[in-house]
Amino acid sequence: MSRLPDTDFDSLLPPLVMTRRGFIVTSLAGGFAMAAGPVAAQTAIKTDAEGLLAGEVKIPVKDGSIPAYRAAPEGKTVLPVILVVQEIFGVHDYIKDVCRRLAKQGYMAIAPELYSRQGDPSRYTEISRLLSEVVNKVPDEQVIGDLDATAEWAAKNGGNTERLGITGFCWGGRIVWLYAAHNPKVKAGVAWYGRLVGDKGPLQPTQPIDVAAELHGPVLGLYGGKDAGITQDSIDTMKQALANGNEAAKASTFMVYPDAGHAFHADYRPSYVEAAAKDGWTRAMQWFDKALKE
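Take 1 as the starting number for the sequence shown in full-length UniProt numbering and just add one per residue.
Here it is, written out as structure tokens:
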């Protein structure tokens, strides 16, 4: 599933343009990410925008602006805010749909394109190249700063960041843990199969296990028992670190689905496991509603 048929999709796309401030991506791509493989049309969920204010916005950041997808109930303000952190594939149709699903539940949901300076994930057909040329070049510091800027934008545009949550998938699941330990305003997080332990380096100096004891808001971890990349041992290690942490850490919890692997919520991919995805979504909504609405 690492690449699509032999069509040279890259040749069909316009050349990348680097702006004066160093941004490669200045607007969101349409459709699904090509590197994710063929779309499973029979399971891909499509949420309409009826009753919503939904579409692309620009988020001012310290060195320019980045595109983001925003969805919120139309005509309403002072909404609880949920930051949505992308998979490795960027802010494509699946992530946009997740934002609309959250908006239908009464939230302002915003997904900033966090690779804007490194590359356009929609252009890639091979996961290996996407990882080596874009994803693995994104510093955590940049990501955290862009999420701070997104929360600040939300507060000025109808959102109430005193009721702030964050959710993310795969690559974004790891970021949920880090951001919940970074921003004191985070009241709750939901991490979908995000890495918990791993090597450190200049771009990733900290892993979730290192900040588990210092969360500002509790995190619900939704993981697959058949996920070859995230072992049960690493989950158990994380559970112990949380148990030895502060109040928010102790309030965090995991749900592991024994029959699910990685990316079980990604309804547009063969990895989708309907029962786990639906149960996880119900748990996520209950988690956020309790923390952000009550």
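Glycine included, C-beta positions come from ideal geometry on N, C-alpha and C.
This one's a predicted model, so the numbers in the text were calculated from it and none came from an experiment.
Counting only residues of its own chain and dropping the five nearest sequence neighbours on each side, R269 has a CB closer than 7 Å to the CB of A36, G37, A40, A263. For K104, the enclosing alpha helix (DSSP H) covers residues 93–104.
Nearest in C-alpha terms to G51, of all of I45, G30, Q42, E74, is E74. Under the three-pair Cβ rule at 8 Å, the stretch 231–249 does not count as touching the stretch 276–285. Contact between I59 and W171 does not hold, since their C-beta atoms are separated by about 19 Å, which reaches or exceeds 8 Å.
Fully contained in the stretch 178–239 are the following alpha helix (DSSP H) runs of length 4 or more, in chain order: 208–211. Annotated as proximal: V176 and V190, with beta-carbon spacing under 8 Å. A residue is called buried once 16 or more other Cβ atoms fall within 10 Å of its Cβ, and G173 is buried on that count. A29 and G194 have their C-alpha atoms roughly 24 Å apart. Taking 8 Å as the cut-off, the Cβ atoms of R101 and T150 do not count as close. Here the alpha carbons of I209 and H216 stand approximately 15 Å from one another. If you check the CB distance, F288 and A180 do not come in under 8 Å. Residue nearest to V256 within the set Q42, Q286, G106, W192 is W192 (criterion: CA-CA distance). In this structure, DSSP gives G280 a helical state, which the three-state scheme calls helix. By the C-beta density criterion, G229 is exposed, having fewer than 16 other C-beta atoms within 10 angstroms. By the criterion of a C-beta distance shorter than 8 Å, V61 is surrounded in its chain by G145, D146, A149, once the five residues flanking it on both sides are discounted. Taking a 10 Å sphere around the C-beta of D199, we find fewer than 16 other C-beta atoms and assign the residue as exposed.
Across the set P121, G201, A103, A71, the C-alpha of P121 shows the shortest separation from the C-alpha of F89.
Counting along the chain, T253 sits inside the beta strand (DSSP E) bounded by residues 253–257.
With fewer than 16 other beta carbons inside 10 angstroms of its own, L203 counts as exposed. Annotated three-state conformation of V143 is helix, per DSSP. By the C-beta density criterion, Q42 is exposed, having fewer than 16 other C-beta atoms within 10 angstroms. If you look at R129, you'll find it in the alpha helix (DSSP H) that goes 127–133. Secondary structure at V176: helix, using DSSP grouped into helix, strand and coil. Spatial neighbours of A260 in its own chain (CB-CB distance under 7 Å, excluding positions within 5 residues in sequence) are listed in chain order as G224, G225, K226, V273, A276.
F169 has W192 as its beta-bridge partners, per DSSP.
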